[in-house]
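Here my numbering runs 75 ahead of the position in the sequence shown, where the first position is 1. All C-beta atoms, glycine included, are put in the ideal place defined by N, C-alpha and C. As structure tokens, the structure follows; a few thoughts come after it.
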Amino acid sequence: MSNKQIITIAGGGSGYTPGIVLTLLNHEDFAVKELRLYDDDPIKNEKMGIIIDHILEKGHYEVEFKRTEDPEEAFTGADFIFSQIRVGKMEMREKDEKIPLKHGIVGQETCGLGGFSYGMRSMKGFLELVGHIQEYAPEAWILNYTNPETIVAEAIRREYPQAKIINACDMTIGIEEIIADSFGFDRSNWLPVYYGLNHFGWYDSIYDVSLGRDLMPEILEKIKTIGVDVSKEEASWAQTYENMQVIIEHFPTHIPNNYLEYYLYPNLVVEQTDPAYTRANQIMEGRLQKIEDTVAQIKNNEATDLEYESSGHGQYIVDIAASILHNKNDRFMLIVPNKGAIPNLRADAVVEVPSYVNARGVEPISLRFDIPDFHKGLMEAQVASEKLLVDAFFENSYQKALEAFTLNQTVPNATVAQKVLDDFIEANGDYWPELS
Ligand code: G6P
Ligand code: MN
């Protein structure tokens, strides 16, 4: 294939990188001329570079490859930039999860107050990254899956409204795949309608083109009575799908994003969480340890017993890039400024809705119906709390941060909000802007 692309992965040292690279290299609609790993942590970047070199050599891929910590070198001439940076790494994720739990409330990386702690760090790091990209590659497409996505998308919209950025999350794909696999459907025939904020939404319908009907009523009934098949899931993910069944039992009209467990049943989630061993601990001992082991094996010329495979995580992001490149108009759930897509929700919210992707970028659909008050009310509180956090960031305002924390629906009262806020200010140090 001609028209070979230059790709930069920002946050190249991440444990997701090998899967994304393999997806890129093997994608039928995508040809890579040059691959660059960019990370501000030279040690992590070097280790990942060893793994990627090994993958390229073993597979005899003819791709130029470099890793760099210099933004000019990373971005100049790039066609697509995939961003998955995690400011503060797993060590800070662990704090995001454990500090709220210490106060008896939800501790999660993107939802609740852990998500706000991460959001403050992420805005700082991601704005800097997008600033570099605007300087060295303003025409490049930024495909972003840096979390927490609604918060960083809102910050970028305010600071760099001209940026060519697409914000995407794999959560809806994960939900649809597990439902389709559990109940014997083929997801490639689906035209689902979903609306919400990132990690905070509902399916309105799941129309199956080949069957000619909306599958949602029967799927809801199946989830309620049998539950989805979690046998292939890690324990912590299995739990969120089991909690999805709890949500549907009490709110049976729509299929929820499983992350709504944090806002609807925070009590249940806290009960189910070990405050001394959270998801960050699992990742550090699993995915991150695997990188260390693989690097050691490659250096010792040992056969790597850990074969990396193309990842689902990488698949959707490369599919989006291919849809831009070949003007394919494929449909994805994407995170976009509302502007009427959800007619009865404030226009300046950042929402997640079905969107078509082509050479011009993202074309979101308008739902053309009003969402129910229950969902609208939950979303409005969430939008306001996230916007207050972004205000706090740009205005260096402790007051706005306290309002954001208090309004978050995982928080029982302002006293708890303030305690967690003060703990996070201390734990984050220079990762956060100064608040006064
Ligand atoms: C899903 C979400 C991502 C999130 C990830 C965490 O894929 O969409 O936004 O980062 O889960 O997965 P992990 O394995 O790191 O807990
Ligand atoms: Mn996500």
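Report all residues from its chain with a CB closer than 6 angstroms to the CB of Arg233; omit the five preceding and five following residues, and keep chain order. Counting only Cβ-Cβ distances below 6 angstroms, and skipping sequence neighbours, we find nothing.
Endpoints, the alpha helix (DSSP H) within which Gly271 is located: No alpha helix (DSSP H) contains Gly271, which is instead part of the beta strand (DSSP E) from 265 to 272.
Taking DSSP's pairing of strands, which residues face Met26 in a bridge? With the chain covering 76 to 511 only, the question about residue 26 has no answer from this structure.
Following the continuous alpha helix (DSSP H) through Gly436, name the residue where it begins and the one where it ends. Not the alpha helix (DSSP H): Gly436 falls in the beta strand (DSSP E), residues 436 to 439.
So what does DSSP say about Gln347, is it helix, strand or coil? It is helical.
With DSSP as the reference, label Lys119 as helix, strand or coil. Helix.
Which residues in the same chain as Gly302 place their Cβ atom closer than 6 angstroms to its Cβ, once the five residues preceding and following it in sequence are excluded? So the list reads Gln320, once near-sequence residues are dropped.
Starting from Ala85 and walking both ways along the beta strand (DSSP E), at which residues does that stretch end? In the DSSP assignment, Ala85 falls within the unbroken beta strand (DSSP E) covering 80 to 85.
How should Gln183 be labelled, buried or exposed, when 16 other C-beta atoms within 10 angstroms of its C-beta is the threshold for buried? The residue in question, Gln183, is buried, as its Cβ has 16 or more Cβ neighbours within 10 Å.
Return the first residue and the last residue of the beta strand (DSSP E) that Ala243 is part of. Taken as a continuous stretch (DSSP letters only), the beta strand (DSSP E) holding Ala243 covers 240 to 243.
Let me check understanding here. Comparing Cα to Cα, which of Ala351, Leu290, Phe275 lies closest to Leu266? Of the residues Ala351, Leu290, Phe275, the one whose Cα lies closest to the Cα of Leu266 is Leu290.
Reducing DSSP to helix, strand and coil, say where Glu377 ends up. Annotated three-state conformation of Glu377 is coil, per DSSP.
So, Ile417 versus Ile446, is the Cβ gap smaller than 8 angstroms? Contact flag set, yes.
For the beta strand (DSSP E) that Trp312 lies in, which residues bound it at each end? Per DSSP, Trp312 is not a residue of any beta strand (DSSP E); the alpha helix (DSSP H) it occupies stretches across 310 to 325.
Residues in its own chain within less than 6 angstroms of Glu478 by CB, not counting five upstream and five downstream? Within its own chain, the residues whose Cβ lies closer than 6 angstroms to the Cβ of Glu478, once the five positions on either side in sequence are excluded, are Leu463, listed in chain order.
Residues around ligand 1, please: the ones whose beta-carbon is closer than 6 angstroms to some heavy atom of it, in chain order. Any heavy atom of ligand 1 within less than 6 angstroms of a residue's beta carbon puts that residue on the list, which reads Thr185, Asn222, Cys244, Asp245, Met246, Arg354, Ile358.
Can you name the start and end residues of the beta strand (DSSP E) that Leu110 belongs to? From DSSP, the beta strand (DSSP E) with Leu110 extends over 107 to 113.
Nearest to Tyr340 by CA position, among Phe326, Ala351, Tyr352, is which residue? Among Phe326, Ala351, Tyr352, the Cα nearest to that of Tyr340 is on Phe326.
Inter-residue spacing [alpha-carbon to alpha-carbon] between Met76 and Ala106: Residue placement at Met76 is flagged as unreliable, the pLDDT there being 46, under the threshold of 50; the coordinate-derived value follows with that caveat. Rounded to whole angstroms, Met76 to Ala106 spans 6 angstroms at the Cα level.
Nearer than 7 angstroms: is that true of the beta carbon of Asn219 relative to any heavy atom of ligand 2? False, no ligand heavy atom lies under 7 angstroms from that Cβ.
Out of curiosity, what's the CA-to-CA distance linking Ile366 and Leu100? The C-alpha of Leu100 is placed about 20 angstroms away from the C-alpha of Ile366.
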